[in-house]
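Here's the structure we're looking at; comments come further down.
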Amino acid sequence: MRATVLRRTAVAVTAVSLAMGVAACGGAKDDKGGKGTDTAKPSATSAAPAAKALSAAELEKLVVEQADLKGHKVEKAKDGDVVKSSEVATDKAACKPIADAMSFIAPGSPAATVQRKAIEIPQKNATQDPTDAAIGALGAPITAVTLGSYDGSGAQDAFGLLKTAGTECAGGFTVKGGGEETKVSKVAPDTVTAGEESVAFTVTSDMEGEPFVSKLVVFRKGNNLAAFSTISLAGEVKEQPKVIIDAQATKLG
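Residue numbers (my numbering): 131 to 383.
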């Protein structure tokens, strides 16, 4: 079992470029997200009253921080973690919103975005074998938090496109970025309740013949979208980052 976990961990390290920034080997911060996606066409809520997006400075006051998350290490995303939406491509256009949301990019066309990385701190066990403890630490869930704010109906439209992507991309798609190509083999719906509307998926990727399972959650609050992409270097995330989602929902009000 230990050997299997170590092998999966080694394979999963190559997957960080997908879930924490597909083209993380290059690129810089970009206030624009990617195209966003609904089980129908773009959201009918496009007729909603015009809204003015928050600035990046205003979003910085609303995104989750260290003080909001006990048992986690929260870091501000570095330039190398964040890429431009134009640097992430998919073989199916409808799947672009999911690839973006998994890659520290707010889907659609946000006026401003901010990002955080939240790493769960494993509980210490004095009786645990040191090697097992090290493996457990490597497998700790890592969540990319992306907060975007939109003008007009941009948040509703992006959310609608993201939902559509969940349906149209259920059978998988290919992501290209930073000279790398990753095959997403399955996008399965999950259940989540947050904000005014929310969507969640379990995303399974093929990493050198090994399944790499991550979680993706996005919710809308007013004209803001919060996205949470969670991975584990052990190769599988079994639960959504509920503590992080709840904390971010509270800060958005």
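C-beta atoms are modelled at their ideal positions from N, C-alpha and C, and glycine is treated no differently.
In this structure Q253 is exposed. Its beta-carbon is surrounded by fewer than 16 other beta-carbon atoms within 10 angstroms.
In the DSSP assignment, D336 is bridged to K313, P341.
Each residue's CA atom was taken as its position, placing R350 and M232 some 16 Å apart. Using a 10 angstroms sphere on the CB of G296, the tally of other CB atoms reaches 16 or more, which defines it as buried.
Annotated three-state conformation of T276 is strand, per DSSP. G365 and S315 have their C-alpha atoms some 14 Å from each other. Secondary structure note for V373: its alpha helix (DSSP H) is the uninterrupted segment 372-382. A274 sits away from I249, with the two beta carbons spaced by 8 Å or more. Under the DSSP assignment, G284 falls outside any beta strand (DSSP E), being part of the alpha helix (DSSP H) whose first and last residues are 284-298. Here the C-alpha atom of S359 lies approximately 25 Å from the C-alpha atom of G282. When rounded, the separation of the alpha-carbon atoms in Q245 and V333 is 21 Å.
The beta-carbon distance between L192 and K381, rounded to whole angstroms, is 5 Å. This is short enough to meet the 8 Å contact definition.
The DSSP-derived three-state label of E190 is helix.
Per DSSP, K247 is one residue of the beta strand (DSSP E) stretching across 242-250. Per DSSP, A356 is one residue of the beta strand (DSSP E) stretching across 354-361. Burial state of G307 is buried, judged by a 10 Å Cβ sphere holding 16 or more other Cβ atoms. Residue nearest to D211 within the set S328, T276, A219, S344 is T276 (criterion: CA-CA distance).
Cβ neighbours of K206 within its own chain (closer than 7 Å, five residues either side excluded): R246. With contacts defined by Cβ atoms closer than 8 Å, V367 and V343 form a contacting pair. By the Cβ-count criterion, I235 is buried, with 16 or more other Cβ atoms from all chains shown falling within 10 Å of its own Cβ.
Rounded to whole angstroms, the Cβ separation of A300 and V317 is 5 Å, and the two are in contact under 8 Å. Rounded to whole angstroms, the separation of the alpha carbons of S239 and G339 is 35 Å. Here the alpha carbon of Q196 sits roughly 5 Å from the alpha carbon of V204.
Close CB contacts of G278 within its chain, under the 6 Å cut and outside five residues either way in sequence, are with G163, A236, P240, T243, L355 (chain order). For K200, the secondary structure class from DSSP, reduced to helix, strand or coil, is coil. Distance from the Cα of T312 is smallest, within the candidate group G201, A187, Q286, P341, for P341. Rounded to the nearest whole angstrom, the CA to CA distance from S328 to K182 is 21 Å.
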